[in-house]
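Peer 1: One structure coming up, written as structure tokens, with questions to follow.
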Amino acid sequence: MMNELNVAHRSLEIARDNIERDLNEIISALKQGKSGLVKRLNELNIKKHEIAEANGNLDAADNDLVEINAGGKVIVAKRSTLTQIQGTRLEALFSGRWDKKLLRDSHGRIFLDVNPTCFQAIVDYLSERMISSEDSPPSPPSVDDERAHILQCQLELFGLLDKVPTIDVDFSDSSIIRDAGHCTALYDWLKEDGSDGELSLLYRGSSDGLSGPAFHSKCDNMGCTLTIIETSCGKVIGGYSNTSWTSRGSYSAANKAFLFALSGGGISSPCKMKLKNVENQHAIWNHSNYGPTFGAGNDMKVRDSQVHIKLGHSYHTGPHAEGSYTINEMEVFQVTDSSPQARIATSAKRTSKAFKSAQDKSQTVEPFTSRFSDDINKAINANRECLVQAGSEMLQLEDSFEDEQTFIEKFASGDAKDVVALNVTGTIMVTKRSTLCTVEDSALAQQFDDSKWTEQGCNAPRVMEWTPDEVSTWAKSIHGLTEDVSVMLNYLLWVGMR
């Protein structure tokens with residue numbers, strides 16, 4: 001009996017020793033992994049400091065106001081705003097490490113040969129991001145359709161394409177929503193109550209028929225829906241319901257329902273009309289003979305090819321003029337996967353490829369374990385996940401730093417004499433002469449060939465080049481302005497471009 005007990009006790013001691021040995025090995029490996037990352041980060045920071053000593057400003061601070069000439073538009077922002085997304089070209093550009101190398105205009109501002117509207121949209125987004133919480137991030141930067149592709153190019157140029165969220169709501173199946181501003185407005189409105197998600201076209205009036213039965217055959221019992229209507233007079237209006245449509249001939253509550261007006265008919269800007277009371281039991285009206293109908297007083301009612309507007313009953317009033325309008329097109333989209341988990345999954349998909357690539361290159365980590373107690377397994381696995389994530393981010397920072405010098409030399413450096421200010425039919429533009437000469441044999445390139453270029457018809461200083469004293473003198477010459485105005489402009493050091 002004692003022999004068996006001794007053998008069992010010895011087996012227990014061996015098992016304990018094995019577990020302790022394995023646990024200590026895992027902890028040691030995790031510590032080594034962390035030490036390796038700390039060492040790499042310190043080495044990277046030393047390299048950045050050396051670059052700043054040779055090419056930049058060691059006194060650069062987060063509170064510095066950075067003046068930028070973006071294609072002729074002066075934009076001022078805090079350095080911390082411009083550098084908040086680490087590991088991007090934009091962060092490198094305004095970090096201060098390369099200040100001595102950066103191309104500047106005649107007033108000493110950093111010059112960027114970019115579309116000013118798109119760059120302003122990026123800066124506006126970054127400014128909002130600085131003051132927004134993680135739970136309520138700002139809307140992605142957006143511009144009109146004509147400049148949308150330019151904005152995408154700028155985001156890619158500055159290394160922001162994978163760092164800045166894109167609009168999850170896809171209106172590519174819509175024949176009505178063609179304006180990026182409308183897309184952004186709808187995205188923002190849906191997002192307010194956590195209703196944003198994937199869109200699936202359920203119904204289109206031009207192909208399915210503008211009638212109540214046609215609408216209900218496609219849209220009943222389909223969950224959350226977004227209705228978009230384009231009238232023959234150009235109005236783009238509609239509504240959202242988070243309650244399914246039915247044909248029962250009764251009202252239904254929909255606490256997140258709203259109506260909207262995007263454009264047309266005197267609508268100056270997109271407008272959202274919410275329910276007056278989210279507990280209203282008459283948010284939508286369901287009847288087989290009617291299309292989508294909102295509100296107890298038929299705030300918006302669709303019947304066949306007509307939409308009738310009479311706001312103020314269940315929904316707040318808006319820019320709609322009361323009346324009936326002929327429908328040119330009507331579309332109804334199902335809004336799905338609007339849960340936080342779905343949005344997190346969508347976001348994860350965007351970065352999975354880059355993350356996997358970085359993870360493959362980063363240090364190898366043992367597979368997750370389940371051999372210890374639940375608490376220990378959980379702690380080990382969490383530590384490993386953090387280590388893999390940190391390794392991925394470290395690799396991206398190292399790769400970004402290697403890319404910095406090439407980016408600065410090709411895009412952001414140069415001779416101030418290369419910066420050209422143009423008056424194009426009254427619109428002031430600023431670009432680089434080398435940009436104008438990109439197509440070598442073109443008439444434009446010939447006109448701005450440095451060996452042939454001369455200033456003509458420009459005897460007096462151009463407005464953009466006025467000094468603060470010249471601005472002050474100009475203000476004094478304007479009838480009706482008091483002398484205080486000119487004194488204030490001079491005190492603020494306003495120049496012609498301002």
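Taken in order, the sequence shown gives residues 1 to 498; the numbers are from full-length UniProt numbering.
Each residue gets a CB set at the ideal place from its N, CA and C atoms; glycine is no exception.
1. So the candidates are Leu37, Ile27, Asp17; which of them puts its Cα closest to the Cα of Ser392?
2. State buried or exposed for His9, treating a residue as buried only when at least 16 other CB atoms are found within 10 Å of its CB.
3. Comparing C-alpha positions only, which one of Gln446, Phe407, Tyr491 sits nearest to Phe94?
4. On the DSSP bridge list, what partners appear for Val419?
5. Can you name, in chain order, every residue of its own chain whose Cβ lies under 7 Å from the Cβ of Ile51, other than the five neighbours on each side?
6. Classify Leu160 as helix, strand or coil using the three-state DSSP reduction.
7. Leaving out five residues on either side along the sequence, give the residues of the same chain with a beta carbon under 6 Å from the beta carbon of Gln456.
8. Tell me which residues share the same chain as Lys101 and place their Cβ nearer than 6 Å to its Cβ, disregarding the 5 neighbours each side in the sequence.
9. Beta-carbon within less than 6 Å of Arg204's beta-carbon, same chain only, minus the 5 sequence neighbours each way: which residues are those?
10. Mapping the DSSP letters down to three states, classify Gln84 as helix, strand or coil.
11. Are the segment 103–120 and the segment 393–406 touching, with three or more C-beta to C-beta distances below 8 Å?
12. DSSP three-state call for Phe407: helix, strand or coil?
13. In whole angstroms, what separates the C-alpha of Arg229 from that of Thr467?
14. Consult DSSP for Tyr290 and reduce its assignment to one of helix, strand or coil.
15. Are the C-beta of Ile51 and some C-beta of chain C separated by less than 8 Å?
16. Residues bridged to Trp285 by DSSP?
17. How many whole angstroms separate the CB atoms of Thr117 and Arg147, which I take to be in contact at a CB cut-off of 8 Å?
18. Can you tell me whether Tyr297 is buried or exposed, with buried defined as 16 or more other CB within 10 angstroms of its CB?
19. Would you say the segment 213–230 touches the segment 152–165, given that touching needs at least three Cβ pairs under 8 Å?
20. Which whole-angstrom value is the C-beta distance of Ala60 and Arg79, which I expect to be below 8 Å?
21. Taking 8 Å as the threshold (C-beta atoms), are Ala77 and Leu112 in contact?
22. Can you name, in chain order, every residue of its own chain whose Cβ lies under 8 Å from the Cβ of Thr364, other than the five neighbours on each side?
23. Would you check if the distance between the CB atom of Ser324 and the CB atom of Leu210 is smaller than 8 Å?
24. So, at 8 Å on beta carbons, what are the nonlocal neighbours of Leu23 in its own chain, with the 5 sequence-adjacent residues on each side left out?
25. So the candidates are Ile237, Asn383, Thr246; which of them puts its Cα closest to the Cα of Ile327?
26. Between Ser200, Ala445, His216, which has its C-alpha nearest Arg303's C-alpha?
27. Curious, which full-length alpha helix (DSSP H) runs of at least 4 residues does the segment 53–83 contain?
28. Considering just the uninterrupted stretch of the beta strand (DSSP E) at His308, what are its terminal residues?
29. Once DSSP output is grouped into helix, strand and coil, what is the label at Ser106?
30. Can you tell me whether residue 501 is buried or exposed? The criterion is at least 16 other CB atoms within 10 Å of its CB, across all chains shown.
31. Buried or exposed: Arg21, going by 16 or more other Cβ atoms within 10 Å of its Cβ?
32. Are there three or more Cβ pairs, one per stretch, closer than 8 Å when the segment 177–197 is compared with the segment 262–271?
33. Rounded to the nearest angstrom, what separates Gly108 and Thr225 at their Cα positions?
34. Secondary structure at Phe448, three-state DSSP: helix, strand or coil?
35. Drop a sphere of 10 angstroms on the beta-carbon of Glu483, count the other beta-carbons inside from all chains shown, and report buried for 16 or more, exposed for fewer.
36. Closest to Ser207 by C-alpha separation, out of Leu41, Asp449, Glu329, Pro138, would be which residue?
Peer 2: Here's the rundown:
1. Your numbering for residue 392 matches position 392 in the sequence shown. Put simply, of Leu37, Ile27, Asp17 the residue whose alpha carbon is nearest the alpha carbon of Ser392 is Leu37.
2. As a first step, residue 9 must be located in the sequence shown, where it is residue number 9. By the 10 Å Cβ count, His9 comes out exposed.
3. Translated into positions along the sequence shown, residue 94 becomes position 94. Taking only the C-alpha atoms, the option nearest Phe94 is Phe407.
4. Counting from 1 along the sequence shown, the entry for residue 419 is found at position 419. The partner list for Val419 (beta bridge, DSSP) reads Lys432.
5. Position 51 of the sequence shown, counted from the start, is the residue given in the question as residue 51. Arg97, listed in sequence order.
6. For the purposes of this step, residue 160 is identified with residue 160 of the sequence shown, where counting begins at 1. DSSP places Leu160 in coil when its eight states are reduced to three.
7. Walking along the sequence shown from the start, residue 456 turns up at place 456. Caution is warranted here: a pLDDT of 46 is assigned to Gln456, below 50, making its placement in the model unreliable, and the coordinate value is therefore given only provisionally. If the five residues before and after Gln456 are omitted, its C-beta is found closer than 6 Å to no C-beta atom of its own chain.
8. As a working mapping, residue 101 is identified with position 101 in the sequence shown. In its chain, beyond the 5 residues on either side, Asn55, Ile408, Ser413 have a beta carbon closer than 6 Å to the beta carbon of Lys101.
9. For the purposes of this step, residue 204 is identified with residue 204 of the sequence shown, where counting begins at 1. Within the same chain, and ignoring the five residues on either side of Arg204 in sequence, the residues whose Cβ sits closer than 6 Å to its Cβ are Glu331.
10. Numbered from 1 along the sequence shown, position 84 holds the residue referred to as residue 84. In the three-state scheme derived from DSSP, where H, G and I count as helix and E and B as strand, Gln84 is classed as coil.
11. Short answer: they don't touch.
12. By 1-based counting over the sequence shown, the position of residue 407 is 407. Three-state DSSP puts Phe407 in a helix.
13. The residue labelled residue 229 in the question sits at position 229 within the sequence shown. The residue labelled residue 467 in the question sits at position 467 within the sequence shown. Per the sequence presented here, residue 229 reads as Ile, with Arg not at that position. Cα to Cα, the separation comes out at about 53 Å.
14. Position 290 of the sequence shown holds residue 290. In the three-state reduction of the DSSP assignment, Tyr290 falls in the coil class, being assigned neither a helical nor a strand state.
15. The chain inventory of the structure shown lacks chain C, comprising one protein chain alone.
16. Counting from one through the sequence shown, the residue named residue 285 turns up at place 285. Partner(s): Tyr251, Thr293.
17. Translated into the one-based positions of the sequence shown, residue 117 becomes position 117. Translated into the one-based positions of the sequence shown, residue 147 becomes position 147. Contact holds; Cβ gap of about 6 Å.
18. Working through the sequence shown from its first residue, we reach residue 297 at position 297. For the record, residue 297 in the displayed sequence is Gly; it is not Tyr. Residue burial annotation: Gly297 is exposed, with fewer than 16 other C-beta atoms found within 10 angstroms of its C-beta.
19. No: fewer than three Cβ pairs fall under 8 Å.
20. The count along the sequence shown starts at 1 and reaches residue 60 at position 60. The count along the sequence shown starts at 1 and reaches residue 79 at position 79. Contact holds; Cβ gap of about 6 Å.
21. For the purposes of this step, residue 112 is taken as the residue at position 112 of the sequence shown. For the purposes of this step, residue 77 is taken as the residue at position 77 of the sequence shown. Taking 8 Å as the Cβ cut-off, Leu112 and Ala77 do not qualify as a contacting pair.
22. Here residue 364 refers to the residue found at position 364 when the sequence shown is read from its first residue. At Thr364 the pLDDT is 44, less than 50, meaning the model places this residue with poor confidence; the figure from the coordinates comes in the next sentence. Contacts found: none.
23. Residue 324 sits at position 324 when you count from the first residue of the sequence shown. Residue 210 sits at position 210 when you count from the first residue of the sequence shown. Contact annotation: Ser324 and Leu210 have beta-carbon atoms that are not nearer than 8 Å.
24. The residue labelled residue 23 in the question sits at position 23 within the sequence shown. The beta carbon of Leu23 sits closer than 8 Å to those of Phe372, Ile376, all from its chain and outside the five residues before and after it, given in chain order.
25. Working through the sequence shown from its first residue, we reach residue 327 at position 327. Ranking the options by Cα distance to Ile327, first place goes to Ile237.
26. For this step, residue 303 is matched to residue 303 along the sequence shown. Here the closest residue by C-alpha is His216.
27. For the segment 53–83, whole alpha helix (DSSP H) runs of length 4 or above, ordered along the chain, are 79–82.
28. As a position in the sequence shown, residue 308 is number 308, starting the count at 1. Counting along the chain, the beta strand (DSSP E) containing His308 begins and ends at 306–309.
29. For the purposes of this step, residue 106 is taken as the residue at position 106 of the sequence shown. Three-state DSSP puts Ser106 in coil, outside helix and strand.
30. One cannot answer for residue 501 here, as it falls past the ends of the chain, which runs 1 to 498.
31. Stepping through the sequence shown from its first residue, residue 21 is reached at position 21. Note on Arg21: under 16 other CB atoms within 10 angstroms of its CB, so exposed under the neighbour-count rule.
32. Under the Cβ criterion (8 Å, minimum of three pairs), the segment 177–197 counts as touching the segment 262–271.
33. One-based indexing of the sequence shown puts residue 108 at position 108. One-based indexing of the sequence shown puts residue 225 at position 225. Gly108 and Thr225 have their C-alpha atoms some 53 Å from each other.
34. The residue you call residue 448 lines up with position 448 of the sequence shown. In the structure shown, Phe448 sits in coil (DSSP, three-state: anything other than H, G, I, E or B).
35. If you number the sequence shown from 1, residue 483 lands on position 483. When all chains shown are included, Glu483 counts as exposed.
36. Counting from one through the sequence shown, the residue named residue 207 turns up at place 207. With distances taken between Cα atoms, Ser207 lies closest to Glu329.
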